[in-house]
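*Asks:* Chains as they are written, first to last, in the working numbering: chain G, 1 to 342; chain L, 343 to 684.
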DNA sequence: CGGTATTTTGATCGGGATCAAATACGGTGG
DNA sequence: CCACCGTATTTGATCCCGATCAAAATACCG
């Protein structure tokens, strides 16, 4: 149920509005002067505020000013209602940041419509979407603003301690992000393919990169300037939500990988890595598919030595889970790989 | 530089406004009918739109309608400018979702103020803050809406597959989140203390919990209803930014932990865990402090067996890095612990 | 077809898990 | 305040997975 706050000194008018809104299904709060109004607004954080201008104690302009200073109440839609029909008064109200201005006398329908249209303007999607849906229009905007660049395979896109300047979008190709230990061993954190964004963690933290990114094969990336991304993120709730969803998904994935690294055998982890790569880069077809990936890249994904990966692949081949065509790996049964025990 | 789009069929008026805005430092785009206006708005995504109502090709109401259907243009401030001074026309414009309504004739100052006040209303903080600053008012709001609950030590707060119903805030005490492997071994992902939020990853993903949470000692938590949190997240850019910052910080931390788990010795990981716990729960005082933490909890943090933790602690004791008072661990030199080699 | 990079296989070694037993701790009740 | 008991911690002994170094085999590319 939506909360509405009415600040109005005339008892008749105030009670009339309260009654009307209660009938329309609002939870109503009312104040007979500005001082009480500001207190109620701060405490109740209503969804909309209707406010008279000329009042004892504190006038409407002051109420609006005070509410805008407070971050919690600054974004609540604020509608002035007043007999001051003069143009200058209305302009002053709007210039101070009111969202609408109703001149008395107004009828119930006008008031109701004014409230509904301000609430509608602020209503937002209720869930998060990580894929599809709105990402089409998002992508549209990003593509418009970004510039496309081609990268060869195994080319480095950014390295730790670089200052982030772009958000990246994979237009074509494959990209990995990875961290490097002091002794040079690498651990891949995530794989990205056509249609994925990457590089946003560091942008959101406003800090230097904490990982490296490189292409796995020839790729085309769209680079979106940091400032453009920040603008979108700050002005479009939809985009902020999309990235919130992506970030929290990423957190969960990494937690699972941590558990695997801590307690699962290399055998299980190699099997999981194959399943993951197949799901990411393989055609979403039947139970089998062919992967072209170097043993080093696989080892970085698993967090082990490349020799060990070789041995595991040999085992899997003996067990007829995979087949080898040259250096490419052909998965014979994803299901059986998924069922490898820890 | 801010972009402004003027949609107006009268050449005189349009050029007058363009000139004024250009002088005021705006990048201006102009359209002489609604059709061109919508195209320009979609392509340029201006920061503000001024639009006449009566125009050939497509009238102002239709322009507003079309722009509101498109997610990318829906949030751009939209100001009607028209000679239609009649009340009903103005109400129609506002009810459709316009942000302001200027009736001709208006002077430059009025127009300029109207634009500036709409831009100001939408301007947002430009960086992310993970700590302090605005979190005071945030916490204020959360505390107001949430309910406080007491938990004994080692009590479970939520478990995997529970449906998230709350955001949690630690008012007093210590909390850990952890994942459990099939064979029962646990891996702690994060420790939380007084002043930390937790449980937001799952809320942001709108999915079941993927980890467990339990208290380490007697604690008081504030439970904020999921709906209240979502409301705030969707309506306050500031709050969305705070959680974006927290999530991306969390991603980075987990990546580092992954690298440690994959390639660092248990010795190094135990040392790191001690440093981490000291930093989190110890007084932020000198080089030494005393920790009360069970070997099982430490082992879960490191991702190893508790016996191994015991052995490492014995080693550290021999090396005079720590001391033991009963079951409590007294760190003698955090610096030396930090310098343990991988 | 040759040369180089990648992958596989072999042999060895050590870190850390595991199971079992001993010891220490902390709380309880007399 | 002390003895006692259940739990937590430490120590001991053993074993195996996976790292490492070296060398052979194979794939890939011009």
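Ideal Cβ positions, reconstructed from N, Cα and C, are used throughout, including at glycine.
If contact means a Cβ-Cβ distance below 7 Å, which residues of the stretch 190-222 of chain G contact chain L?
*Replies:* Listed in sequence order: 201, 204, 205, 206, 210 and 211.
*Asks:* How would you call residue 161(G), buried or exposed, if buried means at least 16 neighbouring beta carbons within 10 angstroms?
*Replies:* Classification for residue 161(G): exposed.
*Asks:* Count Cβ pairs between the stretch 364-377 of chain L and the stretch 389-400 of chain L that sit closer than 8 Å; are there 3 or more?
*Replies:* Segments in contact, yes.
*Asks:* Ordered along the chain, which non-local residues of its own chain (more than five positions away) have a Cβ less than 6 Å from that of residue 457(L)?
*Replies:* Excluding positions up to five away in sequence, the list reads 390.
*Asks:* What would DSSP say about residue 438(L), mapped onto helix, strand or coil?
*Replies:* If DSSP states are grouped into helix, strand and coil, residue 438(L) belongs with coil.
*Asks:* Can you tell me the Cα-Cα spacing of residue 26(G) and residue 75(G), whole angstroms?
*Replies:* If you take the alpha carbons of residue 26(G) and residue 75(G), they lie about 19 Å apart.
*Asks:* Let me know if residue 330(G) comes out buried or exposed under the rule of 16 or more other beta-carbons within 10 Å of its beta-carbon.
*Replies:* Exposed is the call here.
*Asks:* Compare the C-alpha of residue 23(G) against each of 109(G), 86(G), 104(G) and 60(G) and name the closest.
*Replies:* Of the listed residues, the one whose Cα sits closest to residue 23(G) is 109(G).
*Asks:* Please classify residue 485(L): does DSSP put it in a helix, a strand, or coil?
*Replies:* Three-state DSSP puts residue 485(L) in a helix.
*Asks:* How do the stretch 297-304 of chain G and the stretch 179-194 of chain G stand: do at least 3 beta-carbon pairs fall below 8 Å, yes or no?
*Replies:* Short answer: they touch.
*Asks:* For the beta strand (DSSP E) containing residue 672(L), name the first residue and the last one.
*Replies:* Taken as a continuous stretch (DSSP letters only), the beta strand (DSSP E) holding residue 672(L) covers 670-673.
*Asks:* Could you name each continuous alpha helix (DSSP H) segment of 4 residues or more that falls completely within the stretch 214-270 of chain G, going from the start of the chain to the end?
*Replies:* If we require 4 residues or more, the alpha helix (DSSP H) runs fully inside the stretch 214-270 of chain G come out as 226-235 and 237-263.
*Asks:* The ligand PLP and residue 394(L): does any heavy atom of the ligand fall closer than 6 Å to the residue's C-beta?
*Replies:* For the structure depicted, the ligand PLP is absent and the ligand set is empty, with no information on it obtainable.
*Asks:* With a CB to CB cut of under 8 Å and the five nearest residues on each side skipped, what residues in its chain are close to residue 542(L)?
*Replies:* Within the same chain, residue 542(L) has close Cβ partners 509, 571, 585, 588 and 589.
*Asks:* Around the Cβ of residue 507(L), are there at least 16 other Cβ atoms within 10 angstroms (buried) or fewer (exposed)?
*Replies:* Classification of residue 507(L): exposed, given that the 10 Å Cβ count is below 16.
*Asks:* Would residue 150(G) pass as an interface residue toward chain L - the criterion being a Cβ-Cβ separation below 7 Å?
*Replies:* So no, residue 150(G) is outside the interface.
*Asks:* Grouping DSSP H, G and I as helix and E and B as strand, with all else coil, what is residue 500(L)?
*Replies:* Note: residue 500(L) maps to strand in three-state DSSP.
*Asks:* Kindly indicate the opening and closing residues of the alpha helix (DSSP H) around residue 294(G).
*Replies:* Per DSSP, residue 294(G) belongs to no alpha helix (DSSP H) and is neither H nor E.
*Asks:* Which ranges would you report for the alpha helix (DSSP H) in the stretch 28-56 of chain G if only whole runs of at least 4 residues count?
*Replies:* 34-44, all fully within the stretch 28-56 of chain G.
*Asks:* Out of 7(G), 207(G) and 15(G), state which residue places its alpha-carbon closest to the alpha-carbon of residue 63(G).
*Replies:* Checking every option, the nearest Cα to that of residue 63(G) belongs to 7(G).
*Asks:* In the DSSP output, which residue or residues are listed as bridge partners for residue 177(G)?
*Replies:* Bridge partners of residue 177(G): 190(G) and 213(G).
*Asks:* Does the beta carbon of residue 44(G) come closer than 7 Å to any beta carbon on chain L?
*Replies:* Cβ-Cβ to chain L under 7 Å: no for residue 44(G).
*Asks:* Roughly how many whole angstroms lie between the Cα atoms of residue 236(G) and residue 548(L)?
*Replies:* In a straight line, the C-alpha of residue 236(G) is about 20 Å away from that of residue 548(L).
*Asks:* Taking its Cβ as the centre, do 16 or more other Cβ atoms sit within 10 Å of residue 436(L), making it buried, or is it exposed?
*Replies:* Answer is buried; the Cβ neighbour count reaches 16.
*Asks:* Under a three-way DSSP split, which group does residue 91(G) fall into?
*Replies:* It is helical.
*Asks:* Using the C-alpha atoms, what's the distance from residue 121(G) back to residue 592(L)?
*Replies:* For residue 592(L) and residue 121(G), the distance between alpha carbons rounds to 33 Å.
*Asks:* For residue 455(L), name the three-state secondary structure that DSSP assigns.
*Replies:* Helix.
*Asks:* Check whether the Cβ atoms of residue 562(L) and residue 514(L) sit closer than 7 Å, and answer yes or no.
*Replies:* Contact: yes.
*Asks:* Just to confirm before moving on: does the CB-CB distance between residue 560(L) and residue 495(L) stay below 7 Å?
*Replies:* For residue 560(L) and residue 495(L), yes; Cβs fall inside 7 Å.
*Asks:* Considering Cα atoms alone, identify which of 204(G), 223(G), 216(G) and 213(G) is closest to residue 234(G).
*Replies:* The candidate whose alpha carbon is nearest that of residue 234(G) is 204(G).
*Asks:* Express the C-alpha separation of residue 594(L) and residue 293(G) in angstroms, rounding to a whole number.
*Replies:* If you take the alpha carbons of residue 293(G) and residue 594(L), they lie about 26 Å apart.
*Asks:* Between 336(G), 16(G) and 67(G), which has its C-alpha nearest residue 267(G)'s C-alpha?
*Replies:* The candidate whose alpha carbon is nearest that of residue 267(G) is 336(G).
*Asks:* Which residue marks the beginning of the alpha helix (DSSP H) containing residue 542(L), and which one marks its end?
*Replies:* First-last of the alpha helix (DSSP H) with residue 542(L): 542-547.
*Asks:* Please report the distance separating the alpha-carbon of residue 599(L) from that of residue 660(L).
*Replies:* Rounded to whole angstroms, residue 599(L) to residue 660(L) spans 27 Å at the Cα level.
*Asks:* Any residues in the stretch 229-249 of chain G with a beta carbon nearer than 7 Å to a beta carbon of chain L? Which ones, in chain order?
*Replies:* Hits within the stretch, in order: 234, 235, 236, 237, 238, 240, 243, 244, 245, 247, 248 and 249.
*Asks:* For the stretch 591-616 of chain L, list every residue whose C-beta sits within 8 Å of some C-beta in chain G, in sequence order.
*Replies:* From the stretch 591-616 of chain L, only 591, 592, 593, 594, 596, 597, 598, 599, 600, 601, 603, 604, 605 and 606 have a Cβ closer than 8 Å to chain G.
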